[in-house]
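Peer 1:
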Amino acid sequence: MQDDTNRIIELRRQKVAALREQGINPYPTTVAVTHTAQQVQDTYGDKTAEELEAGTETVTIAGRVKAIRDFGSAIFIDLYDRTGKIQALAAKKLLGAEKHKFFKKMADVGDFFAFTGKLMKTRTGELTVAADEMHLLGKSVRPLPEKFHGLTDLETRYRQRYADLIMNPDVVNVFRTRSEIVRLIRVFFQERDFLEVETPMMQPLAGGATARPFNTHHNTLDMDLFLRIAPELYLKRLIVGGLDKVFEINRNFRNEGISIQHNPEFTMLEFYWAYANYEQLMELTEELFCFLAESVFGKLSFEYQDETINFARPWKRLKMADAVLEHTDLTADDLSDPERLANYCKQHEIELIGKPGPGKMLTEIFDESVESKLVQPTFIYHYPTEVSPLARRNDENPEVVDRFELFIYGREIGNAFNELADPEDQRGRFVAQVEAKKAGDDEAHDYDADYIRALEYGLPPTAGEGIGIDRLVMLFTNQASIRDVILFPLLRKEQS
Numbered sequence: 000m001q002d003d004t005n006r007i008i009e010l011r012r013q014k015v016a017a018l019r020e021q022g023i024n025p026y027p028t029t030v031a032v033t034h035t036a037q038q039v040q041d042t043y044g045d046k047t048a049e050e051l052e053a054g055t056e057t058v059t060i061a062g063r064v065k066a067i068r069d070f071g072s073a074i075f076i077d078l079y080d081r082t083g084k085i086q087a088l089a090a091k092k093l094l095g096a097e098k099h100k101f102f103k104k105m106a107d108v109g110d111f112f113a114f115t116g117k118l119m120k121t122r123t124g125e126l127t128v129a130a131d132e133m134h135l136l137g138k139s140v141r142p143l144p145e146k147f148h149g150l151t152d153l154e155t156r157y158r159q160r161y162a163d164l165i166m167n168p169d170v171v172n173v174f175r176t177r178s179e180i181v182r183l184i185r186v187f188f189q190e191r192d193f194l195e196v197e198t199p200m201m202q203p204l205a206g207g208a209t210a211r212p213f214n215t216h217h218n219t220l221d222m223d224l225f226l227r228i229a230p231e232l233y234l235k236r237l238i239v240g241g242l243d244k245v246f247e248i249n250r251n252f253r254n255e256g257i258s259i260q261h262n263p264e265f266t267m268l269e270f271y272w273a274y275a276n277y278e279q280l281m282e283l284t285e286e287l288f289c290f291l292a293e294s295v296f297g298k299l300s301f302e303y304q305d306e307t308i309n310f311a312r313p314w315k316r317l318k319m320a321d322a323v324l325e326h327t328d329l330t331a332d333d334l335s336d337p338e339r340l341a342n343y344c345k346q347h348e349i350e351l352i353g354k355p356g357p358g359k360m361l362t363e364i365f366d367e368s369v370e371s372k373l374v375q376p377t378f379i380y381h382y383p384t385e386v387s388p389l390a391r392r393n394d395e396n397p398e399v400v401d402r403f404e405l406f407i408y409g410r411e412i413g414n415a416f417n418e419l420a421d422p423e424d425q426r427g428r429f430v431a432q433v434e435a436k437k438a439g440d441d442e443a444h445d446y447d448a449d450y451i452r453a454l455e456y457g458l459p460p461t462a463g464e465g466i467g468i469d470r471l472v473m474l475f476t477n478q479a480s481i482r483d484v485i486l487f488p489l490l491r492k493e494q495s
C-alpha cells in the first residue's frame, strides 16, 4: 500500500515539473468565484433543463476534485467546496481540444480547480456547470485516502485532521455544530447584558481551580509563569472593578492525564453575575441548555450514545450528601465519621492523597461511586467547604458551600457557586491550600496576595459558573470522545 502511494506521489511530482516546464504555475493565485456549491443549488436547483438552457448567466465555482468520470469527450467532475458538492462537465466541444486534453492529462483527484460556464441538467436531473473555461488552482501531490477504507484509524484521523475533514463529511458537521454552539452562547449572554472579556493566559500564579499547571518562563522579565488553569480570579477582579456581568470563552491548560473526557488544552465558558446567587445560576443554566437544544435540534430531547437525554425543566437537584446516600450503602451516621469514610474508600480502592478530612473523602466517594449514575441533567449542590477554596460558606451549615455542579450522562458539565467575598476567610483558605500543597497535593492553590487585596476593596454578592465547551459539544454531536470535538487534540509524538 505504501509503495503504491509513493509511486503515485512520484507520478504527480512529475506532473508538477511538467507544468512548470510549460510555464504553468501549479499553485497560482485564485480566480473570481461567483457562487458556492450551495448557492448554485439554492438559486438554480428548481429550474428545469429548458429554463437553464434558455438562460444566459454563467457561474464560476471552485473547489477540490473528489471524483473524475471520463467518458472520452465528456468528463464529469465532482467538485467540493465548504458548502458541499457541485458537478462540473469538461466537454471537448465547450472547453476546446487543448484545455480538454490538459485536464485529461494533468488533473487528478485531490486537485483544486475552478470552472466557469452555464448551468445545465443531465439526463438524471443533476445540476451541472457546463464549463467553457477552466483553471487549475492547486495541484495535489499526495493521493487522498481511499474513501471507505483509507481513513478509519482513529489516531491517523486525529493526527491528520486535514485528511479527516476532506474524507469524512460527518466530521465537518461536528465542527460546524461546535462553531454554531459557541456563536449561540455569545448570543445568549449578550442578550442578557453580559460583557465578553479576555483575561491573561499566562499568569504569575496558578489559580481559579484545583489542577496541576503547565510551567513556562518569560526570558526578558526572567519570570516563571503558568498557563492558566482557569480565568476565575481575574474575572472576579473585574466584578470588583464594577463590571457586574462578564463572560469569557477561554482556553485553559491543565497538566493532567488524557482520556475520552480530558484533553490538557480545553475550552471553557466562564461567567460571573453580581447581585445573583447560585440558585439563580441553576435557572440560567437550564435556560442556556434549553436554548441551545432548541436551536440545534428544534426540541428538548435528543439521543446521546445509548440514552435519550431530556432537558425538560425543572432539572433534578440533590445535595451531595443525599446523592451519596441514594447511590451507595453508606448511612447518614457514616458520613459524619471520618474513620468509616476512610474504610469505605479503602474497601472500594478510592485513592486518597495526603491527610484528607471528611469533606474531601465524601467528595472522592461521590466522584467514584455516584457521578457515573447521573444520566439525566442533575444539579449536585452543597459541596464540602474543604474542597471548595473559592466558594462562599452556607449560612446554615459552614461545613458546606453554596456550590453546585451539573452532571449529564455521568459527566460534570458545569461548576458554579456563590463567590467568597470575605478577604479574611479567603486568606485562611489560601493558607490551607498552601499547606495541602506542601503535603503533596499538586493541584492545591497558591497563595494569591493580589487577589486578597482585590477582595479588600470589596466584592459584591456574586455567583459564577464554568461550563466545559468540549463536553457540551460532545453531548450535542453524539461523540463519545473529547478528541472527536477538538480539531487538533494532543497526542504522543509520532513514531518515525
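Numbering (numbering that gives the first Met the number 0), first residue to last: 0 to 495.
C-beta atoms are modelled at their ideal positions from N, C-alpha and C, and glycine is treated no differently.
Considering only DSSP beta bridges, list what Met133 is partnered with.
Peer 2: Met133 is bridged to Phe114.
Peer 1: Answer with buried or exposed for Phe490, where buried requires no fewer than 16 other C-beta atoms within 10 angstroms of its C-beta.
Peer 2: First, the amino acid is wrong: residue 490 is Leu here, not Phe. Per the 10 Å Cβ criterion, exposed.
Peer 1: Going by C-alpha distance, which of Ile257, Gln189, Phe213 is nearest Asn251?
Peer 2: It is Phe213 whose Cα lies nearest to the Cα of Asn251.
Peer 1: Starting from Ile407, trace the beta strand (DSSP E) both ways and give me its first and last residue.
Peer 2: Counting along the chain, the beta strand (DSSP E) containing Ile407 begins and ends at 399 to 407.
Peer 1: Please classify His502: does DSSP put it in a helix, a strand, or coil?
Peer 2: What the structure shows of the chain is the stretch from 0 to 495, and residue 502 is not part of that stretch, so it cannot be assessed.
Peer 1: Report the option in Ile257, Ser371, Arg236 whose CA atom is closest to the CA atom of Pro488.
Peer 2: Out of Ile257, Ser371, Arg236, Ile257 has the C-alpha closest to the C-alpha of Pro488.
Peer 1: Taking Asn417 as the reference, give the member of Glu442, Ala435, Tyr382 with the closest Cα.
Peer 2: Answer by Cα proximity: Tyr382.
Peer 1: How would you call Leu153, buried or exposed, if buried means at least 16 neighbouring beta carbons within 10 angstroms?
Peer 2: With fewer than 16 Cβ atoms within 10 Å of its Cβ, Leu153 is classed as exposed.
Peer 1: Among Glu282, Phe270, Phe114, which has the Cα closest to the Cα of Pro230?
Peer 2: Minimum Cα distance to Pro230 is reached at Phe270.
Peer 1: Alpha carbon to alpha carbon, how far is Glu255 from Ile228?
Peer 2: Cα to Cα, Glu255 sits roughly 11 angstroms from Ile228.
Peer 1: Going by DSSP, what residues sit across from Thr127 in a beta bridge?
Peer 2: In DSSP, Thr127 forms a bridge with Gln86, Met119.
Peer 1: Is Glu442 near Thr209, with beta carbons less than 7 angstroms apart?
Peer 2: Yes, the pair counts as a contact, with Cβ atoms nearer than the cut-off.
Peer 1: Which of the three DSSP states is assigned to Gly62 in this structure?
Peer 2: Strand.
Peer 1: Just the C-alpha distance for Phe265 and Ile468, rounded to the nearest angstrom, thanks.
Peer 2: In a straight line, the C-alpha of Phe265 is about 8 angstroms away from that of Ile468.
Peer 1: If you check the beta carbons only, do Thr35 and Asp80 fall under 7 angstroms apart?
Peer 2: Against a cut-off of 7 angstroms, the Cβ pair of Asp80 and Thr35 comes out as a contact.
Peer 1: Take the Cβ of Arg11 as the centre, count every other Cβ of all protein chains shown within 10 Å, and call the residue buried at 16 or more, exposed below.
Peer 2: Counting Cβ neighbours within 10 Å, Arg11 comes out buried, since at least 16 surround it.
Peer 1: At what residue ranges does the segment 441 to 476 contain a whole run of the beta strand (DSSP E), taking only runs of 3 or more?
Peer 2: Entirely contained in the segment 441 to 476, the beta strand (DSSP E) runs reaching 3 residues are, in chain order, 461 to 467.
Peer 1: Which full runs of the alpha helix (DSSP H) of 4+ residues lie inside the segment 138 to 196, going along the chain?
Peer 2: Runs of the alpha helix (DSSP H) inside the segment 138 to 196: 153 to 158, 160 to 166, 168 to 190.
Peer 1: Since Lys244 sits in a beta bridge, which residues does DSSP pair it with?
Peer 2: DSSP lists Trp272 as partners of Lys244.
Peer 1: Return the residue from the list Arg177, Thr176, Ala205, Gly409 that minimises the CA-CA distance to Tyr446.
Peer 2: With distances taken between Cα atoms, Tyr446 lies closest to Ala205.
Peer 1: By a C-beta neighbour count over all protein chains shown, 10 Å radius and 16 as the cutoff for buried, is Val39 buried or exposed?
Peer 2: Per the 10 Å Cβ criterion, buried.
Peer 1: Quick check: the Cα distance between Thr55 and Leu118, rounded to an integer number of angstroms?
Peer 2: If you take the alpha carbons of Thr55 and Leu118, they lie about 9 angstroms apart.
Peer 1: With DSSP run on the structure shown, which of helix, strand or coil describes Thr21?
Peer 2: It is Gln, not Thr, that sits at residue 21 in the sequence shown. Coil at Gln21, not helix or strand.
Peer 1: Taking the alpha carbon of Ala292 as the reference point, which residue from Glu367, Pro376, Trp272 has its own alpha carbon closest?
Peer 2: Checking every option, the nearest Cα to that of Ala292 belongs to Pro376.
Peer 1: Could you tell me whether the segment 107 to 121 touches the segment 129 to 144, using the rule of 3 or more Cβ pairs below 8 angstroms?
Peer 2: Segments in contact, yes.
Peer 1: Determine the extent of the alpha helix (DSSP H) in which His99 is found, giving its start and end residues.
Peer 2: It spans 96 to 105 - the alpha helix (DSSP H) in which His99 sits, taken as one unbroken run.
Peer 1: Go through its chain and collect everything with a Cβ distance to His261's Cβ below 7 angstroms, but skip five positions before and after it.
Peer 2: Correct list, in chain order: Glu255, Ile481.
Peer 1: Starting from Glu50, trace the beta strand (DSSP E) both ways and give me its first and last residue.
Peer 2: Taken as a continuous stretch (DSSP letters only), Glu50 belongs to no beta strand (DSSP E), being part of the alpha helix (DSSP H) at 48 to 53.
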